[in-house]
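Chemist:
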DNA sequence: AATTAATATCGTAATATTGCGATGTAAAAA
DNA sequence: TTTTTACATCGCAATATTACGATATTAATT
């Protein structure tokens with residue numbers, strides 16, 4: 001085992017979970033916040049900023065790219081990573097939809 | 001390796017990431033939605049509802065309990081799991097705070 | 001008291017994730 | 001043209017997660 005049985009859930013559940021999973025790592029949260037706080041957004045900053053190896057940062061960036069929340073454009077020998085505003089807001093809405101479900105306390109409690 | 005270097009991030013980043021991580025599994029999303037949609041909320045329903053073994057469900061419930069988002073109260077030989085409304089709303093606010101950051105496109109892009 | 005029911009915990013196998021050094025690649029600089 | 005810079009990718013070791021059968025545990029039922 002060790003493999004998640006995705007076929008037992010709806011596509012929506014799988015999709016939401018996989019977004020949350022990608023965001024569920026402190027390095028990736030830190031990367032997003034760093035990109036947001038920076039005027040420019042070059043990858044090499046991150047290696048100095050976070051205390052991780054270049055290969056590790058690159059891997060985290062790849063995962064963030066995979067869900068579309070950031071986007072990298074080549075600028076000479078550097079790469080400029082930025083938040084993909086549309087996707088960011090789309091995620092925000094998706095999470096809101098989930099959290100805005102009515103969670104009133106049930107009789108049994 | 002394989003261990004996340006939590007000491008390089010702020011407490012806030014670690015906390016947010018660990019919440020997102022717990023929610024980042026389709027079984028746990030499905031469990032939360034099932035509890036919400038149900039009038040009552042007994043664990044054994046879940047074994048029939050989701051196609052997972054009882055031991056597996058129990059493990060997922062434990063993780064959800066660990067972040068406080070659900071709460072279980074013993075009711076005879078059953079356990080009644082419900083959403084912890086306060087924590088739910090607290091999380092919602094936390095995620096909103098994160099997503100409401102200004103993510104305007106930067107010059108470099 | 002013995003049995004059944006509902007769940008929790010333990011142990012373990014399969015797989016995934018994290019992190020990093022080494023190496024590849026492509027553009028700029030020398 | 002060689003070297004340097006800024007990444008990306010590969011391969012691997014360490015650790016974490018997922019899933020489940022087997023086995024507690026605890027309360028109701030018989």
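Residue numbers (UniProt numbering), protein chains in the order written: chain A, 1 to 109; chain B, 1 to 109.
Cβ atoms here follow ideal geometry from the backbone N, Cα and C, with glycine treated the same way.
1) Would you check if the stretch 20-38 of chain B and the stretch 33-42 of chain A touch, i.e. whether three or more CB-CB distances between them fall below 8 Å?
2) Taking Cβ positions only, does residue 60 of chain A come closer than 9 Å to chain B?
3) Less than 9 Å between the C-beta atoms of residue 83 of chain A and residue 32 of chain A, yes or no?
4) From residue 17 of chain B to residue 9 of chain B, what does the alpha carbon distance come to, in whole angstroms?
5) Does the beta carbon of residue 30 of chain A come closer than 9 Å to any beta carbon on chain B?
6) Hey, could you find the ends of the beta strand (DSSP E) residue 43 of chain A is sitting in?
7) Distance cutoff 9 Å, beta carbons only. Does residue 63 of chain B sit that close to anything in chain A?
8) Please look up how many angstroms separate the CB atoms of residue 69 of chain A and residue 88 of chain A, rounded, as I've assumed it's under 8 Å.
9) Which first and last residues belong to the alpha helix (DSSP H) in which residue 71 of chain A is found?
10) To the nearest whole angstrom, what separates the beta carbons of residue 92 of chain B and residue 99 of chain A, a pair I think is in contact under 8 Å?
11) Do residue 42 of chain B and residue 11 of chain B have their CB atoms nearer than 9 Å?
12) Return helix, strand or coil for residue 22 of chain A, following the three-state DSSP convention.
13) Give a yes or no on whether 9 Å exceeds the smallest Cβ distance from residue 23 of chain B to chain A.
14) Taking buried to mean at least 16 other C-beta atoms within 10 Å of its own C-beta, is residue 57 of chain A buried or exposed?
15) Name the two residues that bound the continuous beta strand (DSSP E) containing residue 83 of chain B.
16) Provide the residue span of the alpha helix (DSSP H) that contains residue 55 of chain B, from first to last.
17) Which one of A/19, A/63, A/80, A/62 has the shortest CA to CA distance from residue 44 of chain A?
18) Let me check understanding here. Comparing Cα to Cα, which of B/53, B/51, B/54, B/5 lies closest to residue 51 of chain A?
19) Answer yes or no: do residue 97 of chain A and residue 85 of chain B have a C-beta to C-beta separation smaller than 9 Å?
20) Can the beta-carbon of residue 20 of chain A be found closer than 9 Å to that of residue 20 of chain B?
21) Nearest chain A C-beta to residue 83 of chain B closer than 9 Å, yes or no?
22) Note down, in chain order, every chain A residue with its Cβ under 7 Å from the Cβ of residue 50 of chain B.
23) For a contact meaning CB atoms closer than 7 Å, what does residue 17 of chain A contact in chain B?
Modeler: The relevant details are as follows:
1) Under the Cβ criterion (8 Å, minimum of three pairs), the stretch 33-42 of chain A does not count as touching the stretch 20-38 of chain B.
2) The count along the first chain starts at 1 and reaches residue 60 of chain A at position 60. Residue contact with chain B for residue 60 of chain A: absent (no Cβ-Cβ distance below 9 Å to any residue of chain B).
3) Locating residue 83 of chain A in the first chain gives position 83, where the first residue counts as 1. Locating residue 32 of chain A in the first chain gives position 32, where the first residue counts as 1. Result yes, Cβ atoms of residue 83 of chain A and residue 32 of chain A sit closer than 9 Å.
4) Here residue 17 of chain B refers to the residue found at position 17 when the second chain is read from its first residue. Here residue 9 of chain B refers to the residue found at position 9 when the second chain is read from its first residue. Rounded to the nearest angstrom, the gap between the Cα atoms of residue 17 of chain B and residue 9 of chain B is 10 Å.
5) Looking up residue 30 of chain A in the first chain gives position 30. Among the residues facing chain B, residue 30 of chain A is included, as its CB has a counterpart in that chain under 9 Å away.
6) By 1-based counting over the first chain, the position of residue 43 of chain A is 43. First-last for residue 43 of chain A: 43-49, but that is the alpha helix (DSSP H), not the beta strand (DSSP E).
7) For the purposes of this step, residue 63 of chain B is taken as the residue at position 63 of the second chain. At a cut-off of 9 Å between C-beta atoms, residue 63 of chain B does not count as an interface residue with respect to chain A.
8) If you number the first chain from 1, residue 69 of chain A lands on position 69. If you number the first chain from 1, residue 88 of chain A lands on position 88. Confirmed, Cβ separation roughly 6 Å.
9) Sequence index remark: in the first chain, residue 71 of chain A carries index 71 (1-based). Membership of residue 71 of chain A in any alpha helix (DSSP H) is not indicated; the residue belongs instead to the beta strand (DSSP E) covering 70-75.
10) Counting from one through the second chain, the residue named residue 92 of chain B turns up at place 92. Counting from one through the first chain, the residue named residue 99 of chain A turns up at place 99. Indeed they touch by this definition, with Cβ atoms about 4 Å apart.
11) Position 42 of the second chain holds residue 42 of chain B. Position 11 of the second chain holds residue 11 of chain B. If you check the CB distance, residue 42 of chain B and residue 11 of chain B do not come in under 9 Å.
12) Here residue 22 of chain A refers to the residue found at position 22 when the first chain is read from its first residue. Helix.
13) The count along the second chain starts at 1 and reaches residue 23 of chain B at position 23. Among the residues facing chain A, residue 23 of chain B is included, as its CB has a counterpart in that chain under 9 Å away.
14) Stepping through the first chain from its first residue, residue 57 of chain A is reached at position 57. By the Cβ neighbour-count rule, residue 57 of chain A is buried, with 16 or more other Cβ atoms within 10 Å of its own.
15) By 1-based counting over the second chain, the position of residue 83 of chain B is 83. It spans 78-83 - the beta strand (DSSP E) in which residue 83 of chain B sits, taken as one unbroken run.
16) Locating residue 55 of chain B in the second chain gives position 55, where the first residue counts as 1. For residue 55 of chain B, the enclosing alpha helix (DSSP H) begins and ends at 54-66.
17) As a first step, residue 44 of chain A must be located in the first chain, where it is residue number 44. Minimum Cα distance to residue 44 of chain A is reached at A/80.
18) Here the question's residue 51 of chain A lines up with position 51 in the first chain. Closest option to residue 51 of chain A, judged by alpha-carbon separation, among B/53, B/51, B/54, B/5: B/5.
19) Residue 97 of chain A sits at position 97 when you count from the first residue of the first chain. Residue 85 of chain B sits at position 85 when you count from the first residue of the second chain. No, they are not a contact pair.
20) Your numbering for residue 20 of chain A matches position 20 in the first chain. Your numbering for residue 20 of chain B matches position 20 in the second chain. Their beta carbons are under 9 Å apart, which means residue 20 of chain A touches residue 20 of chain B by this criterion.
21) As a position in the second chain, residue 83 of chain B is number 83, starting the count at 1. With its beta carbon less than 9 Å from one in chain A, residue 83 of chain B belongs to the interface.
22) Here the question's residue 50 of chain B lines up with position 50 in the second chain. Those within 7 Å of residue 50 of chain B in chain A are 8.
23) The count along the first chain starts at 1 and reaches residue 17 of chain A at position 17. Residues of chain B passing the Cβ test: 24, 25, 26, 29.
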